[in-house]
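Following: one structure in structure tokens, then a few remarks.
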Ligand code: SF4
């Protein structure tokens, strides 16, 4: 099957925050490519840079944060070079974002129907009657019961899961090429989470859009991803297709994340397997490899040199191999810590 069209190409993206405590490199040299119909999951702990990466793509970084380098190519148009007015035409139309917390993303003072319809009025040039008709259709499409009656309700009259559906309806209103969802199910219970993820997948297939899903939940990654980008301390430490990441993880951090998952054969007596230590202070990173203070297989070189992201070996059946930033992968052809 031929590769689908490239929707987004991020090249060496750097988003830094100038703080009193120092320069915080929240995203520092991130690159990836995303094709139509594909899902990229960005994973990592809090502070890894995954949310800042997605907000940078939307150009929604507030001061003191700033994109200080790199390119964000949406269909060959560099978003870092566009004026705010030019961005407004793309945001919410060709690229849309579903935020983590629907209660803060929705305006409590406006009816949900009006909030969904806004994108249609702004970007599609339809009149109010047509926007309302299409909004009711969208509300039905995302599984909101009795959409006609609920159009005029306010956000507080919706449950958490239904509010998330409202946000999804708003995001897909203009059939975007690229959907970015930042932890869209974190605030929801497991049953509703599964429904929302299935809905996102169905919508993505229908629109053939590219999807970036930011999550810390590897269960979500397994269910949704085509490609996975593992971030640590503002950098990509491993990047590849989902089968490779799960079957033959190369980076010690990815291995740690996977090992910390609860398994079906675990008993109540099985101890938890967290990664020891905590993510580093981004304004005061350790020398060498940022993961070095927590890495169970660090060697002397890790204290001195930061590893570059490079092609690792292909470990799983039929895979092309993932890119890995670890000195041991470079030196031993892909088996650090195993
Ligand atoms: Fe661990 Fe060294 Fe690899 Fe960093 S470069 S992940 S410290 S082995």
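Numbering (my numbering), first residue to last: -2 to 335.
Glycine included, every Cβ here is placed at the ideal spot set by N, Cα and C.
Bounding residues of the beta strand (DSSP E) (the contiguous stretch that carries residue i)
| i | result |
| --- | --- |
| residue 232 | 232 to 238 |
| residue 178 | 175 to 179 |
| residue 22 | 19 to 32 |
| residue 224 | 224 to 229 |
| residue 207 | 207 to 212 |
| residue 87 | Where residue 87 is concerned, there is no enclosing beta strand (DSSP E), although the alpha helix (DSSP H) it sits in stretches over 81 to 87. |
Three-state class that DSSP yields for residue i in the structure shown
| i | result |
| --- | --- |
| residue 38 | strand |
| residue 306 | coil |
| residue 334 | Confidence in residue 334 is poor, its pLDDT being 41 and thus under 50, which makes the residue's placement too unreliable to answer from. |
| residue 329 | Per-residue confidence for residue 329 stands at a pLDDT of 40, beneath the threshold of 50, marking its modelled position as unreliable; the derived number appears in the next sentence. Of the three classes helix, strand and coil, the one that applies to residue 329 here is helix, per DSSP. |
| residue 59 | coil |
| residue 250 | helix |
| residue 266 | coil |
| residue 15 | strand |
| residue 68 | strand |
| residue 141 | coil |
| residue 9 | strand |
| residue 166 | helix |
| residue 95 | strand |
| residue 318 | coil |
| residue 150 | coil |
| residue 73 | coil |
| residue 272 | coil |
| residue 105 | coil |
| residue 338 | Residue 338 lies beyond the stretch modelled for the chain, which goes from -2 to 335, so this question has no answer here. |
| residue 288 | coil |
| residue 44 | coil |
Distance cut-off 7 angstroms: residue i Cβ against heavy atoms of ligand 1
| i | result |
| --- | --- |
| residue 61 | no |
| residue 249 | yes |
| residue 325 | yes |
| residue 304 | yes |
| residue 133 | no |
| residue 296 | yes |
| residue 320 | no |
| residue 155 | no |
| residue 286 | yes |
| residue 308 | no |
| residue 292 | yes |
| residue 299 | yes |
| residue 289 | yes |
Segment limits, alpha helix (DSSP H) that includes residue i
| i | result |
| --- | --- |
| residue 120 | 109 to 120 |
| residue 191 | 187 to 204 |
| residue 0 | Where residue 0 is concerned, there is no enclosing alpha helix (DSSP H), given that its DSSP letter is neither H nor E. |
| residue 279 | Per DSSP, residue 279 belongs to no alpha helix (DSSP H) and is neither H nor E. |
| residue 132 | 125 to 138 |
| residue 215 | 215 to 221 |
| residue 297 | 297 to 301 |
| residue 49 | 47 to 54 |
request  = Examine the Cβ distances between the region 198 to 214 and the region 36 to 54 and report whether three or more of them are shorter than 8 angstroms.
outcome  = As far as the Cβ criterion goes, the region 198 to 214 touches the region 36 to 54, which means the pair count is three or higher.
inquiry  = Below 8 angstroms, how does it come out for the region 64 to 75 and the region 245 to 260: are there three or more Cβ pairs, yes or no?
reply    = Pairwise C-beta distances place the region 64 to 75 out of contact with the region 245 to 260, as fewer than three of them are shorter than 8 angstroms.
task = Check whether the region 20 to 35 touches the region 227 to 240, taking contact to mean three or more Cβ pairs, one atom from each stretch, closer than 8 angstroms.
result = The region 20 to 35 makes contact with the region 227 to 240: 3 or more CB pairs, one atom from each, lie closer than 8 angstroms.
ask   = Touching or not, the region 161 to 181 and the region 73 to 84, by the rule of three or more beta carbon pairs under 8 angstroms?
value = Short answer: they don't touch.
query = Below 8 angstroms, can you find three or more Cβ-Cβ pairs linking the region 31 to 46 to the region 287 to 304?
reply = Taking a contact to require three or more Cβ pairs closer than 8 angstroms, the region 31 to 46 and the region 287 to 304 do not qualify as touching.
request  = Could you tell me whether the region 106 to 126 touches the region 195 to 205, where touching means 3 or more Cβ pairs closer than 8 angstroms?
outcome  = Cβ pair count under 8 angstroms is below three, so no.
Any 3 or more C-beta pairs closer than 8 angstroms across the region 56 to 64 and the region 139 to 148 = Segments in contact, no.
inquiry  = Could you check whether the region 17 to 24 touches the region 181 to 193, counting it as contact only if at least three pairs of C-beta atoms, one from each stretch, sit closer than 8 angstroms?
reply    = Three or more beta-carbon pairs separated by less than 8 angstroms are not found between the region 17 to 24 and the region 181 to 193, which leaves the two stretches without contact.
message = With three or more C-beta pairs closer than 8 angstroms as the rule, is the region 236 to 245 touching the region 274 to 294?
response = Three or more Cβ pairs closer than 8 angstroms define a contact, and the region 274 to 294 falls short of that threshold against the region 236 to 245.
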